[in-house]
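Data block below; observations after.
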Amino acid sequence: MSRIVYVNGAYLPEEDAKISVFDRGFIFGDGIYEVSAVIGGKLVDCEAHLARLARSCGEIRLALPWSTAELVAIHEELIRRNALDEGGVYLEVTRGASDRDFPFPKDVTPTLVMFTQARNFVNAPAVKTGIKVVSTPDLRWARRDIKSVNLLAPVLAKQFAAENGAQEAWMIEDGVVTEGASSTAWIVKGKTLISRPLSNKVLPGITRKAVLAYIAETGFAFEEREFTLAEALDAEEAFITSATSLVMPVTTIDGHSIHNGAPGPTALRLREIYIDFATERPEGPSFPPCEPAQRPVARASVGRGSRRPDRPLAVHQDDRAPGFRSGTPPVCGP
Ligand code: PMP
Numbered sequence: 607m608s609r610i611v612y613v614n615g616a617y618l619p620e621e622d623a624k625i626s627v628f629d630r631g632f633i634f635g636d637g638i639y640e641v642s643a644v645i646g647g648k649l650v651d652c653e654a655h656l657a658r659l660a661r662s663c664g665e666i667r668l669a670l671p672w673s674t675a676e677l678v679a680i681h682e683e684l685i686r687r688n689a690l691d692e693g694g695v696y697l698e699v700t701r702g703a704s705d706r707d708f709p710f711p712k713d714v715t716p717t718l719v720m721f722t723q724a725r726n727f728v729n730a731p732a733v734k735t736g737i738k739v740v741s742t743p744d745l746r747w748a749r750r751d752i753k754s755v756n757l758l759a760p761v762l763a764k765q766f767a768a769e770n771g772a773q774e775a776w777m778i779e780d781g782v783v784t785e786g787a788s789s790t791a792w793i794v795k796g797k798t799l800i801s802r803p804l805s806n807k808v809l810p811g812i813t814r815k816a817v818l819a820y821i822a823e824t825g826f827a828f829e830e831r832e833f834t835l836a837e838a839l840d841a842e843e844a845f846i847t848s849a850t851s852l853v854m855p856v857t858t859i860d861g862h863s864i865h866n867g868a869p870g871p872t873a874l875r876l877r878e879i880y881i882d883f884a885t886e887r888p889e890g891p892s893f894p895p896c897e898p899a900q901r902p903v904a905r906a907s908v909g910r911g912s913r914r915p916d917r918p919l920a921v922h923q924d925d926r927a928p929g930f931r932s933g934t935p936p937v938c939g940p
């Protein structure tokens with residue numbers, strides 16, 4: 607049975623869905639995307655993903671004509687029409703279709719495409735073995751904090767990983783690990799989790815933020831700093847986070863075993879807590895109230911039934927790339 611996808615206001619069988627060959631997403635990669643996980647038929651952290659979407663769109667001066675509530679409703683309708691229990695919802699917005707010319711066209715309507723992908727990631731077999739990572743130079747542009755659809759460098763990095771029997775590539779720049787091709791990179795030393803600071807060099811991971819929201823309660827400390835590949839090879843544990851890998855242990859890097867080649871207890875514990883967190887099981891952790899200055903979207907929107915359609919999109923301070931002033935503020939909503 608074919609999927610039902612969403613294209614510019616219509617829900618269509620995938621084989622009937624079409625966009626223009628002049629779409630700027632296709633021609634220039636002039637677009638932004640997001641992926642929200644679905645567990646048990648419910649969206650996980652969708653509003654935080656939509657806040658990052660708005661922030662990315664603001665940075666490329668693409669005004670979104672849809673409200674958060676409208677976008678969440680389309681996600682939910684796609685989940686319903688495709689009877690999706692577990693997987694992801696992919697969203698892409700582009701500047702629209704116009705005759706090929708580099709500057710922004712006038713009076714163009716953004717293109718919005720969304721589709722579901724069924725995946726079993728909660729009980730993924732890889733959790734038992736951990737994943738293999740290979741290192742590769744980071745070939746990406748200077749604004750990786752923007753979730754642009756230009757993914758050629760990550761495509762090449764992932765292909766390099768696949769050809770070397772690995773599931774993820776950690777990209778290296780100036781002697782330090784920037785991030786995974788599609789995930790945030792972490793290492794563990796003692797009771798301390800280490801991941802690099804947010805900046806224009808990395809995507810501000812929504813799963814990273816969710817993990818940071820609960821680690822204080824778990825007894826782990828967080829050291830936000832860069833780390834080298836050599837330090838990662840020497841770490842007690844390593845893991846990645848992303849919307850659809852959740853928290854995934856890394857057991858080899860460039861063929862070197864991490865934690866004797868077995869998933870580490872820290873990564874497994876964080877994964878368990880994150881899944882509780884995402885699905886709001888009754889026995890899941892409780893969370894301290896947010897700092898007033900940081901109150902907005904991410905923490906409050908994690909998990910089931912967290913939709914608050916009337917809330918304006920806000921950008922969490924720590925989602926912003928230090929050193930970058932937003933051009934146009936994120937626009938979302940009529
Ligand atoms: N870094 C990169 C480059 C990514 O593509 C992703 C996946 N979107 C992440 C980090 C993790 O982000 P998130 O936790 O929001 O999925």
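The C-terminal position of the sequence shown is numbered 940 in this note's numbering, with every residue numbered one higher than the one before it. Backbone N, C-alpha and C fix where the C-beta goes; we use that ideal spot for every residue, glycine too.
Taking the continuous beta strand (DSSP E) assigned at residue i, which residues delimit it?
i	result
lysine 648	648 to 650
phenylalanine 577	Look at the range of the chain in this structure, 607 to 940, and you will see that residue 577 is not part of it.
threonine 717	717 to 724
alanine 827	827 to 830
leucine 697	693 to 700
lysine 795	790 to 795
leucine 804	Here leucine 804 belongs to no beta strand (DSSP E), and DSSP marks it neither H nor E.
valine 611	610 to 613
phenylalanine 845	843 to 848
leucine 835	Run containing leucine 835: none in the beta strand (DSSP E); it sits in the alpha helix (DSSP H), 835 to 839.
glutamate 785	782 to 786
glycine 637	637 to 645
isoleucine 859	852 to 859
isoleucine 778	774 to 779
alanine 868	No beta strand (DSSP E) contains alanine 868, which DSSP labels as neither H nor E.
In whole angstroms, what is the alpha-carbon distance linking residue i and residue j?
i	j	result
isoleucine 638	methionine 777	21 Å
arginine 831	alanine 791	11 Å
threonine 798	valine 650	26 Å
alanine 787	valine 817	19 Å
alanine 946	valine 699	As displayed, the chain neither begins before 607 nor continues past 940, which places residue 946 out of reach and without an answer.
leucine 757	lysine 738	21 Å
aspartate 707	isoleucine 864	49 Å
alanine 822	alanine 844	19 Å
threonine 824	phenylalanine 883	13 Å
lysine 764	threonine 847	16 Å
phenylalanine 628	threonine 717	11 Å
phenylalanine 710	valine 794	45 Å
lysine 773	threonine 850	Note that residue 773 corresponds to glutamine in the displayed sequence, not to lysine. Cα to Cα, glutamine 773 sits roughly 13 Å from threonine 850.
cysteine 652	histidine 681	9 Å
serine 801	aspartate 622	43 Å
arginine 667	aspartate 636	11 Å
serine 988	glycine 736	Summary: the structure shown does not reach residue 988, with the chain confined to residues 607 through 940, and so no result is reported for it.
isoleucine 859	leucine 839	7 Å
alanine 841	tryptophan 747	29 Å
asparagine 806	isoleucine 610	35 Å
serine 608	serine 642	21 Å
alanine 920	leucine 659	With a pLDDT of 31 at alanine 920, under the threshold of 50, the predicted position of this residue should be treated as unreliable, and no value is reported.
serine 626	phenylalanine 632	9 Å
valine 613	threonine 834	43 Å
leucine 670	cysteine 663	7 Å
tryptophan 672	valine 808	26 Å
alanine 730	glutamate 692	11 Å
glycine 694	proline 743	28 Å
arginine 875	asparagine 866	18 Å
threonine 674	aspartate 751	21 Å
asparagine 688	leucine 762	31 Å
leucine 952	asparagine 726	Residue 952 falls outside the range modelled here, since the chain spans only 607 to 940, and no answer is possible.
methionine 720	tyrosine 696	5 Å
alanine 724	isoleucine 812	20 Å
Against chain D, with Cβ distances strictly below 8 Å, would residue i count as a contact?
i	result
arginine 609	Looking at the structure shown, chain D is missing, and only one protein chain is on hand.
From which residue to which residue does the alpha helix (DSSP H) around residue i run?
i	result
proline 760	758 to 769
lysine 734	732 to 735
threonine 872	871 to 885
isoleucine 821	812 to 824
valine 678	674 to 687
isoleucine 633	630 to 634
Assuming the contact rule is C-beta atoms closer than 8 Å, residue i and residue j should be a hit. Round their C-beta distance to whole Å, please.
i	j	result
arginine 630	arginine 701	4 Å
glycine 646	threonine 885	6 Å
arginine 877	leucine 852	6 Å
leucine 690	valine 644	5 Å
valine 733	methionine 854	7 Å
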